[in-house]
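Have a look at the structure below before the remarks.
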Amino acid sequence: MIMLLFVDNLTNVDFSYLHTERGMLGETWLASASLEGALDEQGMVCDFGDVKRLLRHFLDKELDHCLLVPTLAPNLTIEQQDDYISLTWAYGTDKQLSCKSPAQAIALIETTEITPESVATWCIAQLKQHFADSIARLDISFADETIDGAFYHYSHGLKKHAGNCQRIAHGHRSRINIWLDGAKATHLEADWAKRWEDIYLGSDEDLVKSDQHLHFEYVSAQGPFELSMPKSQCYMINTDTTVEWLAQHIANTLAQENPGKTVRVQAFEGLHKGAIAEAKT
């Protein structure tokens with residue numbers, strides 16, 4: 112008997128990717144999977160626990176907190192030497208960015224464009240070898256979180272982080288909630304989403320050069336990282352860019368812009384996690 116096994120909302124992946132018109136975008140996708148195959152002697156297609164462990168490990172290692180690069184796209188130059196990858200990407204009408212980092216921080220996807228469908232196709236091709244011959248078909252799908260209100264795409268790097276957040280070009284698609292004196296301020300949420308639309312959030316101490324581009328460098332546990340971004344797509348803060356500091360930065364900025372009012376900010380970092388900060392001047 113052939114049966115379909117499915118795992119909805121298996122996990123989520125936070126990453127950045129290169130977009131033909133918009134540049135480098137932070138993104139968050141929900142991953143789901145299904146497998147079609149014959150039942151074994153236990154009456155299973157395969158063990159749920161094994162499937163979830165294998166798929167989560169693959170997605171965590173190959174996509175999560177990486178920069179996804181469409182290797183077949185035009186206007187892209189990639190060089191790999193030893194365990195490091197350097198790339199230059201021309202996009203839009205006249206913009207360009209460049210990045211150099213350890214190879215483990217960059218996912219080279221053989222496609223012309225990063226989409227949920229193209230990344231799913233790539234993942235399936237990589238994963239097929241890990242499943243038994245009894246599995247006739249593997250499907251993976253990615254979807255955005257449904258967000259009714261304001262949200263932004265941001266990329267950043269946290270050099271002090273012990274895990275993969277230290278990578279200089281990873282990101283999130285994040286919602287934001289703001290209250291003024293206890294009242295929901297949807298106009299401020301929309302305004303802040305516009306301020307941080309397709310943005311790179313940089314820390315002052317990582318900036319090594321400023322001209323038409325902002326040039327960032329740091330060395331973390333995984334190695335040296337470099338990134339050059341158009342100044343128009345960067346937003347600088349004087350702390351690290353953890354979600355805790357980002358929430359406080361937004362609250363402090365809005366408190367200055369709205370004197371006498373108590374500002375409360377709930378800033379998300381991807382899906383179902385984040386920080387809350389308050390400020391008043």
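Residues 112 to 392 (my numbering) are what the sequence shown spells out, left to right. Note that beta-carbon positions come from the ideal geometry of N, C-alpha and C, so glycine has one too.
For Ile196, the three-state DSSP class (helix, strand or coil)
strand
Closest to Thr352 by C-alpha separation, out of Leu183, Ala294 and Gln277, would be which residue?
Gln277
Along the beta strand (DSSP E) that carries Asn363, what are the first and last residues, could you check?
Segment Val354 to Glu368 is the alpha helix (DSSP H) holding Asn363; no beta strand (DSSP E) there.
Under 8 Å by Cβ, that's how I've got Asn369 and Leu312 pegged, so tell me the actual separation to the nearest angstrom.
Not confirmed; about 22 Å, so no contact.
Kindly list the residues whose CB is nearer than 7 Å to the CB of Ser331, restricted to its own chain and excluding five residues on each side of it in sequence; keep chain order.
For Ser331, where only same-chain residues beyond five positions count, the Cβ hits under 7 Å are Lys270 and Gln277.
For Ile251, the residue or residues it bridges with in DSSP
Ala144
The ligand MG heavy atom lying under 8 Å from the CB of His241:
You won't find the ligand MG in this model; it holds no ligand whatsoever.
Exposure label - Gln367; buried when at least 16 CB within 10 Å
exposed
For the stretch 258 to 272 against the stretch 301 to 311, are there 3 or more C-beta pairs whose distance is under 8 Å?
yes
Same chain, Cβ closer than 8 Å to Cys234, neighbours up to 5 away in sequence not counted
Phe169, Leu170, Glu173, Leu174 and Ile251
8 Å contact criterion, which Thr223 and Leu183 should meet: CB distance rounded:
5 Å
Using 8 Å as the Cβ pair cut-off and three pairs as the minimum, do the stretch 313 to 322 and the stretch 186 to 197 touch?
no
Return yes when the Cβ of Cys210 is within less than 9 Å of the Cβ of Leu338, no when it is not.
yes
Do Ser285 and Gly381 have their beta-carbon atoms positioned less than 9 Å apart in this structure?
yes
Among residues of its own chain, excluding the 5 on either side of Glu256, which ones have a beta-carbon nearer than 6 Å to its beta-carbon?
Leu382
Checking 9 Å against the spacing of the C-beta atoms, do Arg375 and Glu355 come in under that value?
no
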